[in-house]
Every structure is written in C-alpha cells, then in structure tokens.
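Notes for the one structure printed next.
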Amino acid sequence: MVLERIYPASWLEKKSYFAFLLGLTYSVIGIGLAVFIFPQSPGIASLAFTSLLLLPSLYRLITIDEIKESSEQRFSWQKLWQDNKNFIKIFLFLMLGIEIAFTLFAIIFPDAALVHIFGEQTAIYKGYTGGIYFTLDLFKHIFLNNIKVLGLCFLLSLMVGDGAIFFLIWNASVWGTVFGTLARSAAANIGGHPLLYYLVIFITVLPHGLLEVLAYILAAIAGGVISRGMMEEGGLTPRMKEILAYNLVILIISIIVLALGGVVETLVLDNAEAYRMIINSAFGV
C-alpha cells in the first residue's frame, strides 16, 4: 500500500507519538470513504476502512515485536517491558487519535447526520447511563463486562492474527461518539462550549480508560504474536515455547491491569461531581 511506504515501521516505533496523527488521519479518511462509498450505512464501513488503513503498519510492528521476544534467552520483567513498550505506546496513541476524531465529528455534525453516519455508536449512547453511582455490585458488573472484551481481543488476535484491531477501533469510536454527544447535549441544555465539557469528561475517565485500553492492547498483542508464531513455527518448537511463555505472561498482566482499571473507575468516578453534572445535564435530569 502507498500510505505506509511513506514511513518505515521502525521509524513509527521510535516516534510513537506520530501514531496519534496516524489514528486521527486514517479515521477521517475512513469516515470519508464510508460516507462516499456506502452512504446508506457508513457507520461500520468507516471502522472497516480505518482498520484496513492501519493493518499494514500494525502487522509490521507485530513482526518486529515477535522477533524481539523470540530472541530472548530467558524471561525477565525488564526485557518484557523493553520488548513491548514502544508497541504499547503506539497502540495507545492510535486509540487516542481515533477517539478524538470521532469526538470531533460527534460535536460538529448536525443531529440527523450524526445519527445516520454513526448509527451503531449513537445507539450505545441512547442506552448509556453514565455509571453515576458506583457500588461493589457495579464494579463486578464492569469488570465482568470488560473481561469479556479482553477475552474477545485475545481470541480474535489468536484466530485471525490482527483480528482485534477492528474491535479496538470499534471501542475507540464508541467512546469518542458517546463522549462527544454527551458534551454536545450538555452544552445545548445548560450552555457553554461542548469542548470544555468534553475536556472534563476526558480528564475524568482518562485514569481508568487508559488502564482498560492498556489491558485490551496487551491481550491483543499476546494473541497476535502467538498466532503469528504458530503459523511460522508449525509446532511446539523451542522458539514457539518462548513465544508462548512471554505472551501468556502478558495476558495475565492484562487481566491484572483490567482489574486495577475497575478499581480506579469505582474510586474516581464515585467522587467526580463535575462529571455527574455533565451526564445529568446531557440527559436533561
């Protein structure tokens, strides 16, 4: 593909912040292509186009990540972090760029256009309660729901290699659409600029959102590297054992990070008065 030839994967790995612009730009291109080619139902198509644009770059990065892991002679936490830190940062910046793109469209588009273009995402907004009050039972519900998402990220990557990319982009698009729509609705109901409300929402959900996204990314990395290793090795070779060992540890870490994210979500949002005010205002409560 022409676009990814503009920059080498090794350069993207060294300059991970560039992934933010990549996610933002590819999302805008994906949305534009979806509206132009599939004007009747562009919502899912925009995610598909964005995924297709990102896949070549991410595939090359997974290859680099696998080579690093398979070259290690024995396990160490330091090497585990060193092998994966750049890839993790790239994914985080990508998700942020995608989320920002969908947020801006959610704020800018007229209501009718927003519902038409992002129908699937706005359907989730209509069922959004905001999680205004947090209890132990709600924490369990949040964690169990998130663990399902994490499991899907791992399994999709394991079965399809890069299969979790679409799922991760879907999550980022939903968050962007929901946050943008909440900010826009609050501004319409009580006045003020929607970008200010979005900033409050973003800062409030950032601590637990970052941990949740990190957990999903770790699970996707583990599944993707194992999948590629199985295809190349064709059996349980010594190299494949190393790949399995490293990435099963990554999967376990992702579950721990996800649980921590649930705790942070319960603690932070339970005391976020400004966030609750915006949610109530958005729904006219």
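Each residue of the sequence shown is one higher than the one before, starting from 149 at the first, in our numbering. Every residue, glycine too, gets a C-beta built ideally from N, C-alpha and C.
Taken atom to atom, the span from the alpha-carbon of I313 to that of S189 is near 21 Å. Taking 8 Å as the cut-off, the beta carbon of L306 is found closer than this to the beta carbon of I374.
When rounded, the separation of the alpha-carbon atoms in T352 and Y346 is 10 Å. Scanning the stretch 305-386 for uninterrupted alpha helix (DSSP H) segments of 4 residues or longer gives 312-338 and 342-381, listed from N- to C-terminal end. For the pair of segments examined, the stretch 231-240 was found to touch the stretch 363-371: the number of CB pairs separated by less than 8 Å reaches three.
E413 and G377 have their C-alpha atoms roughly 35 Å apart. F257 sits in coil when the DSSP states are folded into three classes, being neither helix nor strand. Each residue's CA atom was taken as its position, placing F250 and M379 some 35 Å apart. Excluding sequence positions up to five before and after A422, its CB lies within less than 6 Å of the CB of V348, all in the same chain and listed in chain order.
The C-alpha of I177 is placed about 8 Å away from the C-alpha of F197. Of all alpha-carbon atoms in G410, I179 and Y394, the one lying nearest the alpha-carbon of I295 is that of G410.
Shown here, P204 sits in a helix according to DSSP, grouped into three states. Between N337 and the set M243, I427, S164 and L170, the nearest pair of CA atoms involves I427.
When the Cα atoms are used, L304 and S429 turn out to be separated by approximately 38 Å. Look at P190 here: in three-state DSSP terms it is helix. Here Y165 is exposed, its C-beta having fewer than 16 other C-beta atoms within 10 Å.
Rounded to the nearest angstrom, the Cβ distance from S321 to L169 is 17 Å, too far for a contact under 8 Å. Looking at the backbone, the Cα of G180 and that of A407 are separated by about 37 Å. The Cβ atoms of I255 and G328 lie closer than 8 Å to each other. When DSSP states are grouped into helix, strand and coil, A167 belongs to the helix group. Within a 10 Å sphere around the beta-carbon of G191 sit 16 or more other beta-carbons, which makes this residue buried.
Leaving aside the five residues that flank G324 on each side, the residues in its chain whose CB is nearer than 6 Å to its CB run, in chain order, E247, F250 and T251.
Here N395 is buried. Its C-beta has 16 or more other C-beta atoms within 10 Å. Each residue's CA atom was taken as its position, placing G339 and I403 some 41 Å apart. Sorting L200, M243, F235 and N234 by C-alpha distance to the C-alpha of G171 places M243 at the top. Residue environment: H341 is assigned as exposed (fewer than 16 neighbouring CB atoms within 10 Å of its CB, all protein chains considered).
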